[in-house]
Amino acid sequence: DGGITQSPKYLFRKEGQNVTLSCEQNLNHDAMYWYRQDPGQGLRLIYYSQIVNDFQKGDIAEGYSVSREKKESFPLTVTSAQKNPTAFYLCASSRDRAPGELFFGEGSRLTVL
Amino acid sequence: AQTVTQSQPEMSVQEAETVTLSCTYDTSESDYYLFWYKQPPSRQMILVIRQEAYKQQNATENRFSVNFQKAAKSFSLKISDSQLGDAAMYFCAYRATYILSNYQLIWGAGTKLIIKP
Chain A
25 DGGITQSPKY LFRKEGQNVT LSCEQNLNHD AMYWYRQDPG QGLRLIYYSQ
75 IVNDFQKGDI AEGYSVSREK KESFPLTVTS AQKNPTAFYL CASSRDRAPG
125 ELFFGEGSRL TVL
Chain B
1011 AQTVTQSQPE MSVQEAETVT LSCTYDTSES DYYLFWYKQP PSRQMILVIR
1061 QEAYKQQNAT ENRFSVNFQK AAKSFSLKIS DSQLGDAAMY FCAYRATYIL
1111 SNYQLIWGAG TKLIIKP
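Residue numbers (this note's numbering), protein chains in the order written: chain A, 25 to 137; chain B, 1011 to 1127.
In structure tokens, the structure reads:
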């Protein structure tokens, strides 16, 4: 079945450590996205990529980094520069850059100890 | 800048009844898309329904329908014959159609829907 796989589902990090969240899709979609979800807030866009080897900052990119070396993969690194990294992270993809529908992974819950 | 507002943080409905979730948005554009997404406790978000602003007819998908009032900038979701599986967070989202927007979605804060058996 086609879909988006995020891993790990739960991750604990000590302050000062970088962590990388994985996102893989087998839908052959061009565009991929990383969102952050906090209680009581809508989804906030961290980074997005509309084509391989290219990506753009979203609304809250500070303290995060991404790469898009392969169409299927869009990993997100939460760096030690991110002041409040504890959150739920959602990866999504769409067939093209003007999404009629986003397809989401199950999310990764990051907790900083 | 466009904004999306969901004024009901939480709603509850008796099983088999009908419930309406509210969404308002602010934009100066005439053409755009509106979406309702559902995020059940398993946390995988899925699209419920989509409306294109230039279409006058309200979108429907089985038990889900929208009341799209373009002049009032209102986009409510009606769920008929509510089922236990409808319990979830529901998010309203807006997407512009012009290229300078980068086609990114703008999200409301969500409404938690509770179904009472």
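Beta carbons are placed, not taken as given, at the ideal position from N, Cα and C, and that holds for glycine.
Whole-angstrom C-beta distance between residue j and residue i, which should lie under 8 Å
i	j	result
LEU1087 (chain B)	LEU1044 (chain B)	Incorrect: roughly 10 Å between the Cβ atoms, too far for contact.
TYR34 (chain A)	MET56 (chain A)	The Cβ separation is near 22 Å, so there is no contact.
LYS95 (chain A)	VAL76 (chain A)	5 Å
CYS47 (chain A)	SER118 (chain A)	13 Å between Cβ atoms; not a contact.
GLN1012 (chain B)	THR1034 (chain B)	In fact, because the Cβ distance is near 12 Å, the residues do not count as touching under 8 Å.
LEU114 (chain A)	LEU67 (chain A)	7 Å
THR1053 (chain B)	GLU130 (chain A)	Rather than Thr, the amino acid found at residue 1053 (chain B) in this sequence is Arg. Contact holds; Cβ gap of about 6 Å.
LEU100 (chain A)	LEU45 (chain A)	5 Å
TRP1117 (chain B)	ALA1103 (chain B)	5 Å
Below-7 Å beta-carbon distance, residue i vs any chain A residue
i	result
ALA1011 (chain B)	no
ALA1119 (chain B)	yes
GLN1018 (chain B)	no
TYR1064 (chain B)	no
MET1099 (chain B)	no
LEU1057 (chain B)	yes
GLN1054 (chain B)	yes
GLN1061 (chain B)	no
GLN1128 (chain B)	There is no way to answer for residue 1128 (chain B), as the model of chain B reaches only from 1011 to 1127.
TYR1108 (chain B)	no
Three-way DSSP call (helix, strand, coil) for residue i in this model
i	result
ASP1096 (chain B)	helix
SER1111 (chain B)	helix
ASP1091 (chain B)	coil
ASP1036 (chain B)	strand
GLN1067 (chain B)	coil
ILE84 (chain A)	coil
SER89 (chain A)	strand
GLU48 (chain A)	strand
MET1055 (chain B)	coil
SER118 (chain A)	strand
THR103 (chain A)	coil
SER1017 (chain B)	coil
VAL1029 (chain B)	strand
THR135 (chain A)	strand
LEU126 (chain A)	coil
LYS38 (chain A)	coil
GLN61 (chain A)	strand
ARG68 (chain A)	strand
Exposed unless 16 or more other CB atoms sit within 10 angstroms - verdict on residue i
i	result
ILE28 (chain A)	buried
ALA1081 (chain B)	exposed
ASP1041 (chain B)	exposed
ILE1124 (chain B)	exposed
PRO63 (chain A)	exposed
ARG92 (chain A)	buried
ILE1056 (chain B)	exposed
GLN1024 (chain B)	exposed
Proximity test, Cβ basis, 7 Å: residue i and chain B
i	result
GLY26 (chain A)	no
GLY87 (chain A)	no
ALA122 (chain A)	yes
PHE128 (chain A)	yes
GLY40 (chain A)	no
LEU137 (chain A)	no
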